[in-house]
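Enquirer: Add 32 to the 1-based position in the sequence shown for this note's numbering, that's all there is to it.
The beta-carbon is built from N, C-alpha and C at its ideal position, and this holds for glycine as well.
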Amino acid sequence: MQTVFERPKSLTDHPFHYCPGCSHGVVHRLVAECIDELGLRENTIGVYAVGCVVLGHRYFNMDCIGAAHGRAPATATGIKRMDPEKTVFTYQGDGDLAAIGMAEIVHASARGENITVVFVNNGIYGMTGGQIAPTTLLGEITTTSPYGRKASVEGYPIKVAELLAQNEGSAYIARTSVSSPAGVIQTKKAIKKAFQVQQKKLGFSLVEVLAACPTNWGRAPVEALKWLDENMAVYYPVGEIKVKEA
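Right under this line is the structure:
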């Protein structure tokens with residue numbers, strides 16, 4: 033019998049620890065498929081952040097290193113500069129990248145570091161219990177904004193992709209969603225393109241992926257995907273935001 037679908041070689045067979053309905057498993061698979069299809073696995077190093085993805089080394093079948101909270105771009109920069117021929121990517125959530133790691137990601141982009149960043153934005157701190165994040169929408173209730181996020185108190189949600197697109201060192205910046213089959217297809221295309229940008233040595237690349245966190249949102253998985261489309265995707269529109277041609 034012909035095999036038409038199987039686990040990517042860049043993923044191990046270790047069961048995911050993520051909650052039911054969490055989008056991380058989908059994004060993991062897409063990253064792994066892109067690495068397989070581009071033939072990069074034996075030459076790739078993944079850098080995993082603190083947060084829900086802290087156990088990423090269990091799931092990705094390649095060389096991996098864990099970084100201090102928010103410091104994945106700095107760690108990736110060091111690896112890439114020591115061995116420019118390696119394919120280096122970071123995998124980060126919104127709390128890690130946009131809060132404690134904001135300076136790291138902005139300066140990596142400004143320097144045009146030739147690394148790829150997969151940025152999973154579910155608008156909340158997942159692993160630590162559902163606190164407000166820099167990307168939490170106005171009015172959204174979290175454990176640290178029990179009356180809903182207010183612009184006058186916590187400020188406005190940060191549009192990371194648009195912010196980084198302004199830097200000259202950014203070569204490819206895109207935002208996608210995994211709330212639907214079409215969105216999953218577009219996300220894979222964007223991640224693959226980001227890796228190809230790195231292969232061409234064009235500079236910094238980042239794909240922001242809008243994702244669901246049913247547990248901390250207090251919504252069932254299907255309801256969470258609908259809420260993502262009706263709320264997050266409105267404030268954070270999907271599409272390619274910056275494309276630097278070779």
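Here's the rule: buried if 16 or more other CB atoms are within 10 angstroms of the residue's CB, otherwise exposed. What is ILE273?
Expert: The residue given as residue 273 occupies position 241 in the sequence shown. Buried, by the Cβ-count rule.
Enquirer: Hey, quick one: how far does the alpha helix (DSSP H) through ALA203 stretch, first residue to last?
Expert: What you label residue 203 is simply residue 171 of the sequence shown in a count that begins at 1. Taken as a continuous stretch (DSSP letters only), ALA203 belongs to no alpha helix (DSSP H), being part of the beta strand (DSSP E) at 202-209.
Enquirer: If LEU242 sits next to ASN153, beta carbons under 8 angstroms apart, how far is it from one beta carbon to the other, in whole angstroms?
Expert: Taking the first residue of the sequence shown as position 1, residue 242 is located at position 210. Taking the first residue of the sequence shown as position 1, residue 153 is located at position 121. About 6 angstroms; that satisfies the 8 angstroms criterion.
Enquirer: Once you ignore the five residues that flank GLY161 on each side, which residues in its own chain have a CB closer than 7 angstroms to its CB?
Expert: Residue numbering aside, residue 161 sits at position 129 when the sequence shown is read from its first letter. Closer than 7 angstroms at Cβ, skipping near neighbours: THR175.
Enquirer: Under 8 angstroms by Cβ, that's how I've got VAL78 and GLY158 pegged, so tell me the actual separation to the nearest angstrom.
Expert: As a working note, residue 78 is residue 46 in the sequence shown. As a working note, residue 158 is residue 126 in the sequence shown. Before going further, note that residue 78 is Gly rather than Val in the sequence given. Going by Cβ atoms, the distance from GLY78 to GLY158 rounds to 19 angstroms, so no, they are not a contact pair.
Enquirer: Spatial neighbours of ILE97 within its chain, please: C-beta separation below 6 angstroms, excluding the five flanking residues on both sides.
Expert: Taking the sequence shown and counting its residues from 1, one reaches residue 97 at position 65. Excluding sequence neighbours, ILE97 sits near VAL79.
Enquirer: Going along the chain, which residues of its own chain have a beta-carbon closer than 8 angstroms to the beta-carbon of LYS118, five neighbours each way excluded?
Expert: Within the sequence shown, residue 118 is the residue found at index 86, counting from 1. Around LYS118: ASN75, THR76, ILE77, ILE111 and LYS112.
Enquirer: I'd like to confirm the pairing. Which residues does DSSP put opposite ASN153 in its beta bridges?
Expert: Mapped onto the sequence shown, residue 153 falls at position 121. Note: ASN153 sits in a beta bridge opposite LEU242.
Enquirer: Do you know how far the Cα of VAL120 is from the Cα of ASP128?
Expert: Looking up residue 128 in the sequence shown gives position 96. Looking up residue 120 in the sequence shown gives position 88. The alpha-carbon separation between ASP128 and VAL120 amounts to approximately 18 angstroms.
Enquirer: Can you tell me whether ILE164 is helix, strand or coil according to DSSP?
Expert: Indexing the sequence shown from 1 puts residue 164 at position 132. DSSP places ILE164 in coil when its eight states are reduced to three.
Enquirer: Just confirm the distance between the C-beta atoms of LEU169 and TYR267, as a whole number of angstroms; I'd bet it's less than 8 angstroms.
Expert: Taking the first residue of the sequence shown as position 1, residue 169 is located at position 137. Taking the first residue of the sequence shown as position 1, residue 267 is located at position 235. About 6 angstroms; that satisfies the 8 angstroms criterion.
Enquirer: Assign GLY125 to one of two classes, buried (16 or more other C-beta atoms within 10 Å of its C-beta) or exposed (fewer than that).
Expert: Position 93 of the sequence shown, counted from the start, is the residue given in the question as residue 125. That one is buried.
Enquirer: Suppose the cutoff is 7 angstroms on Cβ atoms and the five residues either side in sequence are ignored; what does the same chain contact list for GLY53 look like?
Expert: As a working note, residue 53 is residue 21 in the sequence shown. Hits under 7 angstroms: ALA244, PRO246, PRO253 and ALA256.
Enquirer: If you drop the 5 nearest sequence neighbours on each side, which residues of the same chain put their C-beta closer than 7 angstroms to that of HIS89?
Expert: Here residue 89 refers to the residue found at position 57 when the sequence shown is read from its first residue. These residues qualify, in order along the chain: TYR80, CYS96 and GLY98.
Enquirer: Per the contact definition of three or more C-beta pairs closer than 8 angstroms, is the segment 220-236 in contact with the segment 53-65?
Expert: yes
Enquirer: Measure from the alpha carbon of MET134 to the alpha carbon of each residue in GLY155, PRO166 and ARG207, then state which is nearest.
Expert: As a working mapping, residue 134 is identified with position 102 in the sequence shown. MET134 has its Cα closest to that of PRO166, out of GLY155, PRO166 and ARG207.
Enquirer: Please classify PHE236: does DSSP put it in a helix, a strand, or coil?
Expert: Position 204 of the sequence shown, counting from 1, holds the residue named residue 236. PHE236: strand per DSSP, three-state reduction.
Enquirer: How would you call VAL192, buried or exposed, if buried means at least 16 neighbouring beta carbons within 10 angstroms?
Expert: Taking the sequence shown and counting its residues from 1, one reaches residue 192 at position 160. So VAL192 ends up on the buried side.
Enquirer: Does the distance from the C-beta atom of GLY201 to that of PHE236 stay below 8 angstroms?
Expert: Counted from its first residue, the sequence shown places residue 201 at position 169. Counted from its first residue, the sequence shown places residue 236 at position 204. Cβ atoms of GLY201 and PHE236: closer than 8 angstroms.
Enquirer: For PHE48, which three-state DSSP category applies?
Expert: Within the sequence shown, the letter at position 16 stands for residue 48. Reduced to three states, the DSSP call for PHE48 is coil.
Enquirer: If you draw a straight line from the alpha carbon of LEU260 to that of SER211, how long is it in whole angstroms?
Expert: Taking the sequence shown and counting its residues from 1, the one referred to as residue 260 is at position 228. Taking the sequence shown and counting its residues from 1, the one referred to as residue 211 is at position 179. So the two alpha carbons sit approximately 7 angstroms from each other.
Enquirer: Distance, Cα to Cα, SER177 vs GLN163?
Expert: One-based indexing of the sequence shown puts residue 177 at position 145. One-based indexing of the sequence shown puts residue 163 at position 131. Those two C-alpha atoms are separated by around 8 angstroms.
Enquirer: Here's a check: name, in chain order, each residue in its chain whose Cβ is nearer than 6 angstroms to the Cβ of CYS51, leaving out the five neighbours to either side.
Expert: Looking up residue 51 in the sequence shown gives position 19. Excluding residues within five positions, the ones whose Cβ falls inside 6 angstroms are THR247.
Enquirer: Can you find the residues in the same chain that come closer than 7 angstroms, C-beta to C-beta, to HIS49, ignoring five residues on each side of it along the sequence?
Expert: For this step, residue 49 is matched to residue 17 along the sequence shown. Closer than 7 angstroms at the Cβ level, and outside the excluded window around HIS49, lie LEU87.
Enquirer: Per DSSP, what kind of secondary structure is PHE227 in: helix, strand or coil?
Expert: Locating residue 227 in the sequence shown gives position 195, where the first residue counts as 1. If DSSP states are grouped into helix, strand and coil, PHE227 belongs with the helices.
Enquirer: Among ALA104, GLY180, TRP249 and VAL59, which one has its Cα closest to the Cα of ALA140?
Expert: Position 108 of the sequence shown, counting from 1, holds the residue named residue 140. Out of ALA104, GLY180, TRP249 and VAL59, ALA104 has the C-alpha closest to the C-alpha of ALA140.
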